[in-house]
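Residue numbers (our numbering), protein chains in the order written: chain A, 1 to 161; chain B, 1001 to 1262; chain C, 2001 to 2792. Here is the structure we will look at.
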């Protein structure tokens, strides 16, 4: 075991890790940040997405040691400073973009990365961008709608019904 | 997964030294290696991260074409190669998903040579050169069948040099679950002729479709493929597609790539 | 003007805030002092006799605290089937023991025969590998194909069951001869053989369980991913482990989706409890996704021959089906109800069909158990029926819309006694069909088809008019049909002294939004703000005995219990108000949160009554107990019958066989709608899963019983770019006639109605494109299958 340090949600942190400790395990078990979820073991589901140095990554497919010293942001760090929901989080609630909530942290983190790069994505761009995030509850309708709404765009009529 | 010693050298020489130890394995983006290790299919003693070596990063034009550092991520290639080699940038921008593209690297993909990976088709169709810490390997010599390459034990890919064709395109048909290429075709038109490389389809890994190259070198249009057919006997037959289906895809996608080539 | 609170309002979900900020509380999120980790050791062969398990090396490995094998549970009971089915000849189904850990034989890949408990997960995992290496299993030929299983009596999944047959069920057996005669006499007969593909539910949260034992009191606590904590407690207490029910607390905290797969009790739950007692420390287990694929109950897996007799004009005269239903290696809790009473009873659909007979043979195989998955039996019935009706229309050269109109029940025919045993209370199937035709712009189809053709794509349109029976279920009826449990539900409404309310409910929310919707229902009836109502669920120590959530039952059954409990609260409130207002009880009315004396302006607010109940200074103590808390159990009088019409449009790429869903339109009748936003979300999710079944998802075992689709790398889950925006509507409501809220249930609808609409659209596209030799393609209609069918 070695102490691995990084910055998580703006705070300097450190926790014990082995070589094989995944970033997801470091966050969940080492730091108690259990908002990042594990839904598969093949890097497919995207429930574990976090940002490392501003880029979305699957934290189950990154070793903690490999990102030592990085700036990490997790779902726990996405709300506004006063604790209120961010525009994107609020759009997920307003548009019923989540049901069981398990994939939600990954969806929010992946969507936040999209909007940072592409503030006004089309529906097709949103769908394509989220291909690495699996949701079993929503049929994706309201997730896509939420991301479009968060971007400040009009939601297509069919989705607005 | 089994435990291992993790090292992260900051230059190629240190990386080469670390790779010389018993049971050492190079780690680049890890997007294929980590799932493999979780299944205990790979059990390295030492994992050598190659992502902190500055000379293995970046995209620039140089002698022989576009030089891409082996540890450059797909996302970076998609962005930085967009005006320099659009077909290649589009391929990089379509690998996996955004998170995979933020970690996965060209070197990792080429070293692993997964039969369903996208990059090998671009390397082969471009007639690229795989540069390692010891030598330069021509693409035609580099790929030696599924998961098999010309790399020696401990050898590290440091960059790949892509000659830039006049026109090119990559068209991929996704395996619906993994979203790897069920079949992917990269078409590159050079002044000297056309190269067509196919990934995902063959039991022998990425390959060049010689008949199509000949036909397209004469007439660079989808119509030029009309009389050709692909031998299904060498094609992969699995639950996602029969050999005959893949053979059909090779032809259909080649035509679409020609039409899409810019 | 839409309401902004109470029944009918699209209230935002209160549970979202914790999920959106990463502070939900799923089972694997819990961390307990001195916890230990369990890893299951699973069979790598489909069928084998356990020769020897040498535990010595694994037990001595670093950190290992205990090793369990089937031997440790040989004396305890098995996990039972919840429903007894009798075969056509009257004999009861064959019911093999399902042990906590496999004992003697392993019966499917992933069948757990041992477990390691260690200080860390990694240590347990290392020891599990060692134990697997030190286990000798004599491999036996795998039984995978159902028909082969029935044909070979020498090779048996369970040694005591000679032909691998669980039951051979006829519904309704007494009608068989009449149905045969009607079929014989029909002017036209359509026959279709089809497969309802095997699915893995794949809730995004893998199963997880934590066992605790408290030696001071002898109490156990199980925290687990369950849709129904009381049912799990009952099964563990009464059948599997013999723990007294009052010594076992089962908690299902935030649960990340279920879709049926978390209804059932699984061996890991018993294991962590037994291990916690032996070690005196908490024991936790969380499935890896690969384990979920191997060991969660799968869904569907029917092979069906359906025959339909009709007139040349398209009047349906008779329907006859023969189905082989795979139950896998063991009977999961509702596995025998799913292919029978949740399937055969729906085989007349929303149509007036005089003669219907259903035969189902349930077969044991060396595959994972198969049980209810979203829709459970009803999607199988709907798929068979809607495909064969489409085929009938095509064979007769009739319009598929008109054929359905011709056969749909009409509003004046309710209540309707179906020939397969159900009494439909109400519906208006023409209305939902008309609505779907309007919203789906059927009139504009030809222009869209031409636009697709210009791009080289074949466009087709498919229809499905469906019905389901849900709101499961009247206990006396299901008891007659073989259920071993009652299917009522329960709610306790506790009005606190300060006037806010806690409602403890037996239903469990794992994505459905009960915390929000149930509060809307309570707020509406009691005339108080939604924010004053808290819904408590998922903990047997807090809630009354309820049966949990599945079968689109939560509002119809538990919501009704809640309504009844509120009736009692209001009745008691009136007594208190009468005393306080010095009026006759009969003169007190309750509305808008106030108890008033008729014809006067004298009134007490709900809060004043609540306060008086807990500070009973001015209170009729001689005739009335203090406090304001009531419980009601509600047992429904009938199933509910949601119905609807779904229209799907697809584009087929004839060169690659790829099918894209271009649009999907749903017009549903769910009765009264409590929260439109949530109801729409339920339909979206169901349709997403139905499109997944139709186009993408398939569970494949090879001839050796190895699971070829054991991860998301090979099992294709629908992604955001596989589906379109859906058009959904629930305005054609005919309220349920027998529950107080008039609700029918909406959770499963999307998954029931959508698969046949997709497949009908694909076949339509091919025919309109001139590819008329393709009569049917089995799900999933993957690109390879479509291309092969086109080029056959």
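Cβ atoms here follow ideal geometry from the backbone N, Cα and C, with glycine treated the same way. Since the structure is predicted, the reported quantities are computational estimates derived from the model, not experimental observations.
Counting along the chain, the unbroken beta strand (DSSP E) around residue 2491 of chain C starts and ends at 2489–2495. Residue 2448 of chain C has its alpha-carbon roughly 21 Å from the corresponding atom of residue 2786 of chain C. For the 8 Å CB-CB criterion, residue 76 of chain A and residue 9 of chain A form a contact. Where residue 2304 of chain C is concerned, the enclosing beta strand (DSSP E) starts and stops at 2299–2310. Across the set C/2013, C/2014, C/2070, the C-alpha of C/2070 shows the shortest separation from the C-alpha of residue 2040 of chain C.
Residue 1187 of chain B carries a strand assignment under DSSP once its states are collapsed to helix, strand and coil.
The beta carbon of residue 147 of chain A sits closer than 6 Å to the beta carbons of 111, 126 from its chain, once the five residues preceding and following it are set aside; these are given in chain order. Within chain A, the C-beta atoms nearer than 9 Å to that of residue 2206 of chain C come from 38, 39, 40, in chain order. Contact between residue 2410 of chain C and residue 2734 of chain C fails: their C-beta atoms lie close to 12 Å from each other, not under 8 Å. With a contact defined as Cβ atoms closer than 8 Å, residue 1202 of chain B and residue 2713 of chain C miss out at about 19 Å. Chain-ordered, the chain C residues with CB closer than 7 Å to the CB of residue 1248 of chain B read 2787. Under the three-state reduction of DSSP, residue 1 of chain A is assigned to coil, being neither helix nor strand. Contacts between residue 127 of chain A and chain C, judged by CB atoms closer than 7 Å, involve 2720, 2721 in chain order. In the structure shown, residue 2740 of chain C falls within a coil segment according to DSSP collapsed to helix, strand and coil. Taking C-beta separations shorter than 8 Å and ignoring five residues to either side along the sequence, the partners of residue 153 of chain A in its chain run 120, following chain order. Residue 2439 of chain C and residue 2401 of chain C do not touch by the CB rule: their CB atoms are close to 14 Å apart, not below 8 Å.
Of the other Cβ atoms in all chains shown, 16 or more fall within 10 Å of the Cβ of residue 2379 of chain C; this residue is therefore buried. In the assembly as shown, residue 1063 of chain B is an exposed residue. Its beta-carbon has fewer than 16 other beta-carbons within 10 Å. Contacts with chain C at 8 Å (Cβ-Cβ) do not include residue 150 of chain A. Taking C-beta atoms as the reference points, residue 2562 of chain C and residue 2505 of chain C count as a pair closer than 8 Å. The Cβ-Cβ distance between residue 2741 of chain C and residue 2482 of chain C does not fall below 8 Å. Counting other Cβ atoms within 10 Å of its Cβ, residue 1099 of chain B reaches 16 or more and is therefore classed as buried. Using a CB distance below 9 Å, the part of the segment 2422–2452 of chain C facing chain A consists of 2439, ordered along the chain. When secondary structure is reduced to three states using DSSP, residue 2264 of chain C falls in the coil class, being assigned neither helix nor strand.
By the Cβ neighbour-count rule, residue 2162 of chain C is exposed, with fewer than 16 other Cβ atoms within 10 Å of its own. Residue 2701 of chain C does not reach chain B, its nearest Cβ partner there being about 11 Å away, counting only Cβ pairs nearer than 7 Å. Two segments are said to touch when three or more pairs of C-beta atoms, one from each, lie closer than 8 Å; by this definition the segment 2183–2200 of chain C touches the segment 2300–2320 of chain C. Distance check between residue 1219 of chain B and each of B/1230, B/1239, B/1255, B/1242 places B/1255 closest, using alpha-carbon atoms only. Beyond the five residues adjoining it in sequence on each side, residue 2132 of chain C comes within less than 6 Å, by CB distance, of 2041 in the same chain, given in chain order. In terms of CA proximity to residue 2531 of chain C, C/2502 leads the group C/2343, C/2543, C/2502, C/2056. Between the alpha carbons of residue 2277 of chain C and residue 2218 of chain C lies a gap of roughly 9 Å. Listed by position along chain B, the residues whose Cβ is nearer than 9 Å to that of residue 2715 of chain C are 1177. In this chain, the beta strand (DSSP E) harbouring residue 2634 of chain C covers 2629–2634. When the beta-carbon positions are compared, residue 1185 of chain B and residue 1065 of chain B stay at least 8 Å from each other.
Between residue 2750 of chain C and residue 96 of chain A, the C-beta gap is not smaller than 8 Å, which leaves the two residues out of contact. Residue range 2726–2729 is occupied by the beta strand (DSSP E) that includes residue 2726 of chain C.
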